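Scroll down for the structure; my scribbles are underneath it.
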Amino acid sequence: MIRQIFGFIAKFRDPFTYGTAVVVAAVLYLTASSLDRGQQNDLTSLFLLMTLALAWNLVGGYGGQFSLGHSIFVGVGSYATAVILTLLGWPLIPTMIIAAVMSALIGLLLAYPLLRLRGPYLAVGSLGMAVAAYGWMINWDFTKASQAYAMPKEAQVDFATMYQFATVLLLIAIVSIVALVRSPLGLRLVALRDNELGAASIGVKRVRTLLPVWALSGLLTGAMGAVYAVQQGTLTVDGTFNIQFSLDAAIICVIGGLGTLSGPFIGAIIIYFLRKYSAEYQNYALLIEAVVLVIVVRFFPAGIVGLISKGFRAIVHRRAAAQK
Amino acid sequence: MTTPSNDYILTATDIVKTFGGVNALRGANLTMRRGEITALIGDNGAGKSTLVRCLSGIHQPDSGTITLDGQVVTFSTPLAAREAGIETVHQNLALVEDLTVWQNFFLGREKTRGFGPIRWLDSRRMKRESAVLLADLAVNAPPVTNRVRRLSGGQRQAVSIARAAGWGSKIVIMDEPTAALGVQETARVEAVITRLKEQGVAILLISHNFDQVLRLADHVWVMRGGLAVAERRTAHTSGDELVSLITGALAS
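See the structure below:
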């Protein structure tokens, strides 16, 4: 009996499936009004961080491509929202969708040359693109160059609406990523990461597999940038095209577990609260984060999800051995 | 239509392939009969691998014709050869270690369900089908939900061969399928090969092991210096004769 229970748990060690996603999102959505504004703002930030990490995890975790260029998607999503609202005066939600689509197209555009690179070369290549995009934006008068770009009045929503945006976005991210991971594309993506030559020899095409993945990652990150722009109210190049976004996503995924569904959630919760409560120690905050990262990489390189599933497996095997 | 007299599933005639100044193949010939195991032997550098790569679409021959099932074919990519019914089991196995057996089986040709463009993997069906295919061929078939990383060399080879055989293929090319295996494992893989032959698949076996060739194959082609210099029925030859043919001590 006990053995069966543990076997059951071990089988379902990645609990983030469609069902849980819907339940979690519905509960959070309905509780929006009962939270105070501080909590709503906190959770918005946390959900945006989760969405960012989930989107990055597609490329960096499942695809094994350590992108440091995701800040471009955040920047494109947020600036596109601000510019369309100001110049064209569209309603807010269609604007955010169009901004996300633009970010997806940018994703395709970046991925095409980047996919010639692998491993650390891809990391450096994408970092170069992020730096170039930053350099362009800081000098582009169309978006007020290095000055702040204020979001227009239509984008000023209350905390509850903002929180609902973030919740819906997170839900979309979970559902689309679960769908992708369970599709043939997801299988080919992981196969390419683990044995590119082997996958290629039985007909898996690298670029054809990876381009849609980059596009989806760009779409979700761009949407996250759009909601982030609404939350911030005022955009600066430093606040959006900042490489910190790529680094945050990577750190969250490494701590939580690269290439897992629940890793980005766990990592995002840890990093978010670590930062929130270590902020009062100022510079030591960075040091604390670094120590956590080093401990994870040194002692459980598969991240927290890897550690948990290893623990479950060990228990199940011990039970199985004891029963024999 | 194939005529009854045409009992060759594959013929390759006058295949020439040069790499820069190196003449890897200088007009090689090869025939394979239906339902037989044809062995291809020769010293290192004789051109075995190049010939096989021409057949499986990795290389394109400079000249010469390949006829499959009575039709002249040219393969521009490995995928084209596979679609025509020629599967290759590579020496390095080409399995993805971190995926499970059934995922490896269906990689690139996944079975899906869903509606319209929204598809997801039909893992239950793929597990069932791969388990059947594998159990048909191998005695020591591993559970299909195991990761390949945990399989022995022989089990991996069995998975590769079953994958190659599982697509209604006409020809399976095996490049030294038992090169890295122990005695017991070799026997198991040979059993898989024999079973595959019984299912009516023509097999091209590349091997350095004469005992194995004489035990398994029906027909042997010997290559030397980019040419197929001799062919023998295994029933009418011996290890000594094959060695002499390979080294050139005995003229064909």
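Sequence order for the protein chains is G and Y. One point on numbering: in this note's numbering, the residue at position 267 of the first sequence is 310, and numbering is uninterrupted. One point on numbering: in this note's numbering, the residue at position 210 of the second sequence is 213, and numbering is uninterrupted. Glycine residues also receive a C-beta, built at the ideal position from the N, C-alpha and C atoms. Fair warning: this is a prediction, and the values are worked out from it, not measured in the lab.
**Q.** Rounded distance between the beta-carbons of L253(G) and L158(G), thought under 8 Å
**A.** Sure, about 6 Å apart at Cβ, within 8 Å.
Q | I130(Y), DSSP secondary structure in three states | A | The question names Ile, but residue 130(Y) in the sequence shown is Lys. K130(Y) falls in the helix class under three-state DSSP.
Q: Identify every run of the beta strand (DSSP E) within the segment 201–247 of chain Y, keeping only runs that are complete inside it and at least 3 residues long; order them along the chain.
A: Whole beta strand (DSSP E) segments, 3+ residues: 205–209, 222–227 and 230–236.
**Q.** Collapsed DSSP secondary structure at K20(Y) in the structure displayed
**A.** strand
Q | Residues sharing a beta bridge with A15(Y), DSSP | A | L33(Y) and I69(Y)
(Q) Threshold first: 4 residues or longer. Then list the alpha helix (DSSP H) segments lying entirely within the segment 92–163 of chain G, N to C. (A) 113–130 and 135–157
Q: State the DSSP-derived secondary structure class of G265(G), mapped to helix, strand or coil.
A: It is helical.
**Q.** Beta carbon proximity, Q106(Y) to chain G, threshold 8 Å
**A.** Cβ-Cβ to chain G under 8 Å: yes for Q106(Y).
Q: Identify every residue that forms a DSSP beta bridge with E90(Y).
A: V175(Y)
Q) Looking at the unbroken beta strand (DSSP E) that takes in W105(Y), where does it start and where does it end? A) Counting along the chain, W105(Y) falls outside any beta strand (DSSP E), though it belongs to the alpha helix (DSSP H) covering V104 to F109.
Q) Over what stretch of residues does the alpha helix (DSSP H) that includes Q158(Y) continue unbroken? A) Q158(Y) -> alpha helix (DSSP H) spans G156 to A168.
Q. If you draw a straight line from the alpha carbon of L230(Y) to that of V104(Y), how long is it in whole angstroms?
A. Spanning the two alpha carbons is a distance of roughly 39 Å.
Q: Might you give, ordered along the chain, the residues of its own chain that have their beta carbon closer than 8 Å to the beta carbon of W133(G), omitting 5 neighbours on each side?
A: I127 and I141
Q. Is the distance from the Cβ of L262(Y) to the Cβ of I174(Y) below 8 Å?
A. Because chain Y in this structure spans residues 4 to 255, residue 262(Y) falls outside the shown range and cannot be described.
Q: Taking only the alpha-carbon atoms, compute the straight-line gap between L97(G) and R362(G) and give it to the nearest angstrom.
A: 34 Å
Q | Contact belief for A233(Y) with V225(Y) at Cβ below 8 Å, rounded distance in angstroms | A | 4 Å
Q) Hey, is L214(G)'s beta-carbon within less than 8 Å of any beta-carbon in chain Y? A) no
Q) When the Cα atoms are used, what is the spatial distance from L102(Y) to G302(G)? A) 13 Å
Q. How is F55(G) classed by DSSP in three states: helix, strand or coil?
A. Because F55(G) sits at a pLDDT of 47, beneath the cut-off of 50, its placement in the model cannot be relied upon, and the point is left open.
(Q) Out of L207(Y), A252(Y), G251(Y) and T250(Y), which one is the CA nearest neighbour of R37(Y)? (A) L207(Y)
Q) Tell me the DSSP bridge mates of Y192(G)? A) L278(G)
Q: Return yes when the Cβ of E113(Y) is within less than 8 Å of the Cβ of W170(Y), no when it is not.
A: no
Q) Which chain Y residues sit within Cβ distance under 8 Å of V247(G)? A) Identification of chain Y residues near V247(G) by a Cβ-Cβ cut-off of 8 Å yields L110 and G111, ordered along the chain.
**Q.** R116(Y) - containing beta strand (DSSP E), residue span
**A.** T115 to F118
Q) Who are the Cβ neighbours of I61(Y) in its own chain at under 7 Å, not counting the five residues just before and after it? A) P81
Q.
If you follow the beta strand (DSSP E) that R122(Y) is in, where does it begin and where does it stop?
A. For R122(Y), the enclosing beta strand (DSSP E) covers residues I121 to L124.
Q) Quick one, which of G73(Y), S133(Y), K20(Y) and F109(Y) has its alpha-carbon nearest V247(G)'s? A) F109(Y)
Q. Does the beta-carbon distance from T21(Y) to D65(Y) come in below 8 Å?
A. yes
Q.
With H, G and I counted as helix, E and B as strand and the rest as coil, what does DSSP make of N26(Y)?
A. strand
Q.
Only counting the same chain, and skipping five residues up and downstream in sequence, which positions put a Cβ closer than 6 Å to that of F109(G)?
A. Taken in chain order, the residues that qualify are G103 and A166.
(Q) Quick check: is the beta carbon of N285(G) nearer than 8 Å to any beta carbon in chain Y? (A) No, because no Cβ of chain Y sits closer than 8 Å to the Cβ of N285(G).
Q | Inter-residue Cα distance where the pair is L253(Y) and V75(Y) | A | 33 Å
Q | Opposing strand residues paired with V45(Y) [DSSP bridges] | A | The residue you asked about is not Val; residue 45(Y) is Gly in the sequence shown. In DSSP, G45(Y) forms a bridge with M226(Y).
(Q) Any contact between the segment 175–189 of chain G and the segment 273–289 of chain G? By contact I mean 3 or more CB pairs, one from each, below 8 Å. (A) yes
Q. Nearest to L214(G) by alpha carbon, out of F90(G), S189(G) and F288(G)?
A. F90(G)
Q) How about R85(Y): is its C-beta nearer than 8 Å to some C-beta of chain G? A) With 8 Å as the cut-off, R85(Y) counts as an interface residue toward chain G.
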